[in-house]
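Report on the following structure.
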Amino acid sequence: MQYHLHGFRAGDPETFAPEPGRPAASQLPDCLDVLIVGCGPAGLTLAAQLAAFPEISTRIVERKPGPIEKGQADGISCRSMEMFNAFGFADTVKRQGYWVNETTFWKADPERPEHIVRTGRVQDVEDGLSEMPHMILNQARVHDMYLSVMARSQSRLVPDYGLEVVDVTTDPQGSDYPVTVTLNRVAETAEVGVADAAETIILRAKYVVGCDGARSGVRRAIGLELKGDFANQAWGVMDILAVTNFPDIRCKTLIQASGGGNIIIIPREGGYLLRFYVELGALGAGQRLARDEVTVDRLIEAVQRTFRPYDFAVKEVAWWSVYEIGQRLTDRFDDVADGSARLPRIFIAGDACHTHSPKAGQGMNVSMGDAFNLGWKLVSVLTGRSAPELLSTYSEERQAVARDLIDFDREWSRIMSERASADAADTGETPKFQRYFVEHGRYTAGMSVAYKPSVLTGEATWQSLAPGFPIGERLHSAPVIRLADAKPMELGETIQADARWRLYAFAPAADPAAEGSATRSLCDYLASDPASPILSHTPAGSDVDATIDVRVVFQQAAKDLALETLPPILLPNKGLLGLVDYEKNFRRDDAPGRDIFQLRGIDRQNGCLVIVRPDQYVAHVLPFNAHEELARFFAGVLLPATAARIPGSETAAA
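Position 146 of the sequence shown, counted from 1, bears residue number 146 in full-length UniProt numbering, the numbering being contiguous throughout.
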């Protein structure tokens with residue numbers, strides 16, 4: 001990470017100095033830019049992004065009296081880990097969590113149907129899919145990490161607990177703060193949906209985001225409903241400490257037993273804790289689960305029956321719950337009715353707009369993806385970088401992702417709940433649930449999201465220049481060597497959750513220092529041409545990379561590259577002291593299997609430009625010399641700004 005940009009500062013570099021003159025967050029203000037409702041994964045992802053911008057007044061409220069401590073979701077996909085890296089805590093998750101390396105599959109033994117037998121063992125994530133692993137870590141710890149990011153930000157953002165949304169309305173006449181929110185203080189002893197009306201708080205906001213779960217008050221206030229049906233399956237879940245001789249107890253395991261009793265085992269962090277998902281059986285049409293009839297002892301007995309011939313003794317139950325599988329989805333994720341020309345002011349994210357079973361481990365991941373998509377767009381609009389129309393793309397993009405999730409979850413739930421045919425002769429074929437898991441590995445890793453062409457996502461006209469960076473999909477990182485200090489790293493490490501666009505220039509094979517080279521022509525254009533997107537969209541007085549962060553990856557070996565010969569825009573002077581940023585330039589890694597040009601199929605002769613959105617998705621692939629197309633793309637998503645002089649452009653930085 002980079003720090004000391006504005007002068008030496010002692011102490012923890014990950015704790016930012018608070019914004020000067022910022023008032024203490026002791027009570028909610030009358031007016032604010034963004035109100036987030038709900039401290040779940042979606043709400044905290046959004047809050048952590050907005051907290052990095054003290055000029056945006058943000059608050060987050062939560063009905064519960066404080067942070068959660070245990071239970072709930074625990075699966076963290078590779079894609080979410082890439083996102084965590086942008087927030088700065090992926091390494092902490094890797095250190096504290098359980099790494100999912102293999103998944104095993106069991107079913108009823110054809111010769112002894114009352115026993116189970118292993119049918120397969122597969123690598124959980126295919127090689128090369130991501131630089132990040134599939135992790136297991138309890139949701140409470142993920143929340144803690146987001147809360148830490150918020151508390152250490154310049155905004156010093158902390159949640160306001162014990163507040164429940166009563167009503168949300170929008171002023172049709174419009175104003176600076178058109179959304180009115182009514183909150184009630186919740187008594188610590190109050191039941192869900194019952195608030196203590198002794199204190200009512202009314203505030204106004206520019207935008208409100210409901211991340212308040214399946215019973216969302218924000219969703220109800222804007223007239224949306226979750227549509228769909230229940231799959232008529234009830235499951236129990238428990239986090240336990242147990243002693244067993246089951247051989248795969250520390251592997252993610254799927255068991256499809258004869259006559260029911262399907263089970264999913266998720267080893268948890270710490271080396272001892274285990275999570276069990278236990279099928280409780282089918283429900284009739286319209287039937288609801290009688291929760292008071294389900295006990296943790298019933299779940300334990302179900303595991304013991306299914307585990308035969310293996311022993312299973314529970315020593316401690318840390319947490320348990322029961323749930324019904326339901327796949328439901330709202331028609332849209334904002335408050336704008338179909339056909340309306342009005343711009344959105346109220347949004348919903350996470351379980352507030354899509355619900356499904358937890359067995360595929362997608363709920364928390366997709367919810368965080370919703371918020372990561374919306375966060376940078378709110379920042380761009382509220383800081384004047386983009387027009388408010390940008391916010392309409394949130395519902396368009398994420399509702400389609402949620403629809404795919406519902407379809408996947410419905411089929412996966414159906415397959416998992418099928419009865420294993422243990423009484424039939426073993427044909428040697430791979431069980432259906434094992435085949436489906438392997439076939440959809442990219443989906444469960446979070447890598448199947450592909451945004452359609454739009455103002456934010458270009459057409460595939462020049463995709464052949466870099467087929468390994470599919471337009472609309474997340475940037476598939478690869479190894480590079482930082483030129484200034486020879487540090488081996490992943491290109492994806494250069495992206496932080498800071499709402500900036502990235503322009504990666506993969507230089508052609510020709511000598512970049514040569515007069516008239518394509519690299520020099522691109523840099524001259526970006527630094528001095530009036531049509532340059534850098535000059536057009538960077539506010540005066542800001543660092544040159546404040547809006548668009550330009551990075552170059554060269555093909556040459558270290559001995560053939562000289563830092564001092566690079567154009568000034570690749571060694572920009574920044575900050576109050578005009579210090580040189582030496583971290584804009586990279587070269588390919590010469591080690592076998594680590595050449596980014598080869599790994600991603602980049603055209604070596606001509607090079608290419610890859611535009612990456614602030615949420616790490618590839619927005620466009622362009623020819624290296626496509627200056628007009630580059631300017632045209634950014635003009636479609638960014639507003640004009642007073643062009644900033646590029647410090648140091650008069651003389652090369654030494």
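In this text, a Cβ means the ideal position worked out from N, Cα and C, and glycines have one as well.
The way I'd put it, the stretch 516-534 doesn't touch the stretch 481-494; fewer than three beta-carbon pairs between them come closer than 8 Å. Below 8 Å, too few C-beta pairs join the stretch 325-345 and the stretch 88-98 to call them touching: fewer than three.
The bridge partners DSSP lists for I534 come to none. About 5 Å separates the CB atoms of A302 and V278; that is less than 8 Å, so the two are in contact. A450 carries a coil assignment under DSSP once its states are collapsed to helix, strand and coil.
The Cβ atoms of N85 and E493 sit closer than 9 Å to each other. For the 9 Å CB-CB criterion, I548 and L503 form a contact. Of S521, A510 and L129, the smallest CA-CA separation from M447 is found for L129. Going by DSSP, T45 is part of the alpha helix (DSSP H) stretching over P41 to A51.
Taking the C-beta atoms as reference points, D511 is found nearer than 9 Å to D560. Less than 9 Å divides the Cβ of K584 from the Cβ of R551.
Taking all protein chains in view, the Cβ of S477 is crowded by 16 or more other Cβ atoms within 10 Å, so the residue is classified as buried.
S175 and R332 have their alpha carbons spaced roughly 24 Å apart. Rounded to whole angstroms, the separation of the alpha carbons of W462 and T430 is 40 Å. In the DSSP assignment, L638 falls outside any alpha helix (DSSP H), carrying neither H nor E. For the 9 Å CB-CB criterion, L329 and I222 do not form a contact. G75 carries a strand assignment under DSSP once its states are collapsed to helix, strand and coil. If the five residues before and after V237 are omitted, its C-beta is found closer than 6 Å to the C-beta atoms of Y277 and S321, all from its own chain and listed in chain order.
In the DSSP assignment, T104 falls within the unbroken beta strand (DSSP E) covering E102 to A108.
Boundaries of the alpha helix (DSSP H) harbouring A302: V296 to T306, taken from the DSSP string.
Linking V401 to A497 through their CA atoms gives a straight-line distance of about 21 Å. Here the alpha carbon of L571 sits roughly 45 Å from the alpha carbon of D351. Contact between the stretch 29-42 and the stretch 51-63 is present: 3 or more CB-CB pairs across the two stretches fall below 8 Å. For R156, no beta strand (DSSP E) segment is defined, and its DSSP state is neither H nor E. Here K206 is buried, its C-beta having at least 16 other C-beta atoms within 10 Å. Put simply, of A90, L456 and R588 the residue whose alpha carbon is nearest the alpha carbon of P133 is A90.
Annotation: the continuous alpha helix (DSSP H) that includes G369 extends over G363 to L382. For L609, there is no enclosing alpha helix (DSSP H); the residue is found in the beta strand (DSSP E) stretching over C608 to V612. In the same chain as M368, and ignoring 5 residues on each side of it, the C-beta atoms closer than 7 Å to its own belong to P41, A42, T45, S80 and M83, in chain order.
In this model, L576 and H6 are separated by some 5 Å (Cα to Cα).
Here the C-alpha atom of F624 lies approximately 9 Å from the C-alpha atom of L465. By a beta-carbon distance limit of 8 Å, D212 contacts V165. Their separation comes to about 7 Å. 9 Å or more divides the Cβ of Y3 from the Cβ of P18. Looking at D229, F633 and G120, the one whose alpha-carbon comes closest to that of V455 is F633. Looking from the CA of G75, the closest CA among Q399, Q362 and E397 belongs to Q362.
For the beta strand (DSSP E) assignment, the uninterrupted runs of no fewer than 3 residues enclosed by the stretch 447-489 are, from N- to C-terminal side, 479-482.
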